[in-house]
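Heads up: the sequence lines are chains A, B and C, in that order.
Numbering (the numbering used here) for the first sequence: 829 to 1184.
Numbering (the numbering used here) for the second sequence: -19 to 314.
Numbering (the numbering used here) for the third sequence: 181 to 498.
All C-beta atoms in this analysis are idealised placements derived from N, C-alpha and C, irrespective of residue type, glycine included.
See structure below.
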Amino acid sequence: MSIEAVPTGGADPGQSSVLEVEELAVTFTRRGEAATRAVDGVSFAVAAGETIGLVGESGCGKSVTSLAIMGLLPRRGVQVSGSVRFGGTELVGAADRTLRELRGADMAMVFQDPLSSLNPTVPIGTQVTEVLVEHEDLNRKQATAEAIDLLDRVGIPDPARRLKEYPHQLSGGMRQRALIAMALACSPRLLIADEPTTALDVTIQAQILELLRELVQGSGTALVMITHDLGVVAGLCDRVHVMYAGKIIESADRHDLFARPRQPYTGGLLASVPRLDAGRGTPLTPIRGSARDAIPWAEGCAFAPRCDNAQDDCLTEVSGSTVPLEYDGPGRELRCRHPLTHPPVASGATASGAAR
Amino acid sequence: MLRFILRRLVQLVPILLGLSILLFAWLRALPGGPAQAALGERATPEAIARYNELFGLDQPLYVQYFRFLGRAVQLDFGSSAQTGRPVTTEFLERMPGTIELTLFAMVFAIGVGIPLGYLAARKHGSWLDSTSVIGSLLGVAIPVFFLAYLLRLLFAVQLGWLPGSGRQDVRMDATRITNFYVLDGLLTREWDAAWDAVLHLVLPAIALGTIPLAIIVRITRASVLDVVNEDYVRTANAKGLATRTVRRRHILRNALLPVSTTIGLQTGLLLSGAVLTETVFAFGGVGSALRDAIFTRDFAVLQGFILLLAVVYVLVNLLVDISYGLLDPRVRVR
Amino acid sequence: MSAPTRPRPGDARRTRIDELAARAGQVPEGEGGVSLTKSAFRRLRRNPVAILGAVIVVVFLVVAAFAPFLAPRDPLAQTLLSEIRPNSIPGAQEGFPLGVDNLGRDLLSRLVYGSRQSLLIGVVSTVLGVIVGMALGVLAGAFGGWVDTVVMRFVDILLSIPSLLMAISISVLLGQNQYALMIAIAVTQIPVFARLLRGSMLVQRSSDYALAARALGVRKSRIVFGHVLPNSLSPVIVQTTLSLATAIIEAAALSFLGLGDPDLARPEWGAMLANAQAFLSIRPELAVYPALCIIVVALGFTLLGESLREALDPKFRR
């Protein structure tokens, strides 16, 4: 599945990449305030049928990244630079028309809060059919039939009746299923899911993830999963990019990442998740502080103020530039000067070889 | 939906009852009491005594109230001390004029207000936006009757573009059917009469509509600015819908919900404003009659008109509620 | 950093980061640490609209307070009578910067003195409306249950009468004097404040912090008066400011309808404006100046109120 030793970029720079993001940067400027760089030189790629995870705390820039890819950021006060290539088309700076034609048809998105993401005054049916009417050459009748089929596929019982209902009449899980139906209506090549389960109950979360997996697996759709929840990553993603303060700080295959996290931040994230196999009484070790404590990358490693491994050179610019994202073994990249080290055979945890 | 309407109707009963109690108390508390109110200020003591006996005003209060209520339900409010005609007849004759005026004012306010507010929001921060914000603040601060006088002075007296008083040129001698002059003109195919009535409505309607206009512009603008940032608008864009569809189905439709509530709330303001505007333009509606009644202390007209106007107001609010239920599915279900 | 305490070479740098972290932890404005009132005030001071509104209101207050020193003449003294004809009233001239009215009284002095009466009517009627309305609102909001039902039904009935009709009814009832005018306007404000406070209290009462306080066993009266009420006040403050504008305009309307203060010794903008309508075609200035005064002052209160709303609304706090 994964390619050996790729020095730059994402997993697979070859022909099969659906999406290639290179050096994507997003800067917000508000009048009278200093500009903030929410996304800062992010590069990754997604191949058809692949699922990747963008992981990080809220405010790390993962959602902004997804909105930038979709071209959904407001024009005013936002500068996007770098490159987003979608099936060979450059999306950064593309015409609104081009983007509208791609969105919904070839690239789709599922959002975090299903209630607020659905229009409260328009029936579910219309909200599903409008995508079909817009992008496929269907009349209203055909679109309705197709919508019934779609709702059925995402597991909404009695779809014909649900079409006439309004979002507030559905349960949270049903709403998210409806949103997924809208996203998948035109069988897009790329689906971005921005925290699709965060607003849902735990049992529903699992169902929705299972549904996403099924839908994506059959169709060869590339899936970008944006989440702060490592549980989601563990169950779904082939490759994981961990983001902090607008930059990717560690990339690895799922199993490698879980077995041998190298960035202390990744290690911290893993350590703060309760584990069933950890034994009673083992304390959870949260990461100190919050994402607000990040320092600008120009002044050192953004994570340094919260890092247990931080040394003085994390805060000084030894090389005169930002801490670089570097090759860190087969299929891995790392942005850290003092990474976590793992003994050749990790005790308890599965070694990377065993995981494959 | 029907159940929703029925429930709203039932909820009206206590309000109307309470209204009648208030008005009854008001009538009793008037200097001279209801007899004076019915007979006018210059009534002789004998006449008042006769009236009191006739209408059982020597009876206990609750009996009096029920009699009052009984008469009110039959729309019997006595006769005007000035004209001697029944109050209800006068009201029904004059109400069409006021309805025409308020409708025109509302059409003006909505027709100009919503597009202007929407444009201001879309061009957020532009000169159009700032102008409409300043204008809407000014519009609320101007006393209605002063604006009415200014318009009349400028466009009727000085420039002579539009008629400045009355509902129709008296020389028209138009046929009356419903007392809605514009409608009458259309029904009888007296086109010139209808057009003349419309011309007579222009200035008063603009004067009366200015405050609602200012408020509608502001609410529409704020509401559109709110809705544009909603998640579902982002979803609509993520679906790659045409800009037109996003604007119409997803932005405007939701943005107009608070606007429609506001429009409903304006009816009270309009009825209040109508009293002032009609006075300035000598517009023969309910408002100018009410003003005359204040000056002549015609209590019979005052009490009848106030109660009837309050009922109209309550009914209009009911209509607004219902239309709100039609617009927002969430209200309907509750 | 579980850093050892011995001094290390990078300490200066560390301190700098700690500073940065401290600054980052502090939200730019409001929220963490800074009280609502303080942050609201700070935002008000930065808002040019608020400043304009405040300046207008302050100028108005100063003029009202120092009217006797500011007015060039006695507002009641009749002068230039010989020059007043049925179809001409003398305009601006030496000693009369704005001319005189139809009875030969100096217009500027009357405007200056008129601010007092307008201010008095506006403030008294609004304060009256706020007090009674808030009492009703607190009653309904604090007790809930049948008290709430009864109070709110009463308020609904009051609301079912268009405000000017209500004011007219009360003026007719109480006769023609300045107190009747104030009470009439006050009564129209009562239902607004009652509803507002009750609604805002209901929201606060079911909020998580009120629930938490209840779960901690805090006495109900303490929750209501110590937490819920103070937190519900901001919409009332905003509405009070806006109501001052409405009250002044409504007073003018009542004057125009012949229900104003009949005492000629007290010049008042509304009455001046109403009175001047008769001379509009001869000397429109007689109407225009008092109207401008009303508009500017009403605008001042409106601007202040709107920017207060913005400053106090948590939605706007960034």
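Cβ of residue i within 8 Å of any chain C Cβ
i, result
"Ser252 (chain B)", "yes"
"Trp6 (chain B)", "yes"
"Leu117 (chain B)", "yes"
"Pro25 (chain B)", "no"
"Ala290 (chain B)", "yes"
"Phe(-16) (chain B)", "no"
"Phe275 (chain B)", "yes"
Proximal residues to residue i (C-beta, below 7 Å), its chain only, five neighbours per side dropped
i, result
"Leu339 (chain C)", "Pro371"
"Ala393 (chain C)", "Ile403 and His407"
"Phe48 (chain B)", "Phe4"
"Gln62 (chain B)", "Thr276 and Asp278"
"His963 (chain A)", "Gly932, Ala933 and Cys1014"
Whether residue i touches residue j by CB criterion (8 Å)
i, j, result
"Arg1017 (chain A)", "Gly983 (chain A)", "no"
"Cys1135 (chain A)", "Val1151 (chain A)", "no"
"Leu946 (chain A)", "Leu1007 (chain A)", "yes"
"Val124 (chain B)", "Ile191 (chain B)", "yes"
"Gly189 (chain B)", "Ala262 (chain B)", "no"
"Ile337 (chain C)", "Ile(-5) (chain B)", "yes"
"Val1060 (chain A)", "Leu1037 (chain A)", "yes"
"Val883 (chain A)", "His1170 (chain A)", "no"
"Leu250 (chain C)", "Ala121 (chain B)", "no"
Between the CA atoms of residue j and residue i - distance to the nearest angstrom
i, j, result
"Leu852 (chain A)", "Ala896 (chain A)", "8 Å"
"Leu7 (chain B)", "Gln283 (chain B)", "8 Å"
"Gly(-2) (chain B)", "Ser412 (chain C)", "29 Å"
"Asp109 (chain B)", "Leu193 (chain B)", "15 Å"
"Trp175 (chain B)", "Val(-10) (chain B)", "41 Å"
"Ala1062 (chain A)", "Gln1045 (chain A)", "16 Å"
"Ala1011 (chain A)", "Leu1019 (chain A)", "7 Å"
"Leu979 (chain A)", "Ile(-15) (chain B)", "33 Å"
"Asp281 (chain C)", "Gly233 (chain C)", "30 Å"
"Pro1167 (chain A)", "Gly899 (chain A)", "35 Å"
"His996 (chain A)", "Tyr389 (chain C)", "27 Å"
"Asp315 (chain B)", "Ser0 (chain B)", "It is not possible to answer for residue 315 (chain B), since the shown part of chain B is limited to -19 through 314."
"Asn357 (chain C)", "Val950 (chain A)", "55 Å"
"Gly379 (chain C)", "Ala491 (chain C)", "20 Å"
"Ala1122 (chain A)", "Gly1096 (chain A)", "15 Å"
CB contact check: residue i to chain B, cutoff 8 Å
i, result
"Ser487 (chain C)", "no"
"Leu1185 (chain A)", "Lying outside 829 to 1184, the shown extent of chain A, residue 1185 (chain A) is not represented and no answer is given."
"Leu930 (chain A)", "yes"
"Val1052 (chain A)", "no"
"Arg375 (chain C)", "no"
"Ala458 (chain C)", "no"
"Thr306 (chain C)", "no"
"Pro464 (chain C)", "yes"
heavy atom of the ligand NAP below 7 Å from residue i C-beta
i, result
"Leu900 (chain A)", "In the structure on display, the ligand NAP does not appear, and there are no ligands present to speak of."
Same chain only: Cβ atoms within 8 Å of residue i, ignoring 5 sequence neighbours per side
i, result
"Met473 (chain C)", "First, the residue type needs correcting, since residue 473 (chain C) is Cys and not Met in the sequence shown. Taken in chain order, the residues that qualify are Leu291, Gly294, Ser295, Ser298 and Trp449."
"Asp308 (chain B)", "Leu237"
"Thr168 (chain B)", "Ala154, Thr155 and Ile157"
Same chain, Cβ closer than 6 Å to residue i, five either side skipped, listed in chain order
i, result
"Gly313 (chain C)", "Ile370, Phe373 and Ala374"
"Gly877 (chain A)", "Gly1048"
"Phe459 (chain C)", "Asn282 and Leu466"
Proximity test, Cβ basis, 8 Å: residue i and chain A
i, result
"Val31 (chain B)", "The identity of residue 31 (chain B) in the sequence shown is Tyr, whereas the question assumes Val. It does not: the Cβ of Tyr31 (chain B) has no partner Cβ on chain A nearer than 8 Å."
"Gly305 (chain B)", "no"
Interface flag, residue i vs chain F, CB-CB below 8 Å
i, result
"Tyr994 (chain A)", "The chain inventory of the structure shown lacks chain F, comprising the protein chains A, B and C."
Next item on the list: Answer yes if the stretch 418 to 436 of chain C comes into contact with the stretch 445 to 452 of chain C, meaning at least three C-beta pairs across the two stretches below 8 Å, and no otherwise.
Entry: yes
Margin query: Quick check: the stretch 896 to 916 of chain A against the stretch 1081 to 1091 of chain A, are at least 3 beta-carbon pairs closer than 8 Å?
Written below: no
Notebook entry, point to check: Would the stretch 245 to 261 of chain B and the stretch 931 to 941 of chain A be scored as touching if the rule is three or more Cβ pairs under 8 Å?
Noted result: Output reads no: the stretch 931 to 941 of chain A does not touch the stretch 245 to 261 of chain B.
Next item on the list: Give a yes or no on contact between the stretch 91 to 100 of chain B and the stretch 156 to 163 of chain B, applying the rule of three or more CB pairs nearer than 8 Å.
Entry: no
Checklist line | Stretch pair the stretch 124 to 138 of chain B + the stretch 202 to 209 of chain B: three plus CB contacts closer than 8 Å | finding: no
Notebook entry, point to check: Is the stretch 457 to 471 of chain C close to the stretch 128 to 135 of chain B, with three or more CB pairs under 8 Å?
Noted result: yes
Checklist line | Given 8 Å, three or more beta-carbon pairs between the stretch 1046 to 1066 of chain A and the stretch 1020 to 1027 of chain A | finding: yes
Notebook entry, point to check: Is it a yes or a no for the stretch 315 to 330 of chain C touching the stretch 233 to 252 of chain B, going by three-plus beta-carbon pairs under 8 Å?
Noted result: no
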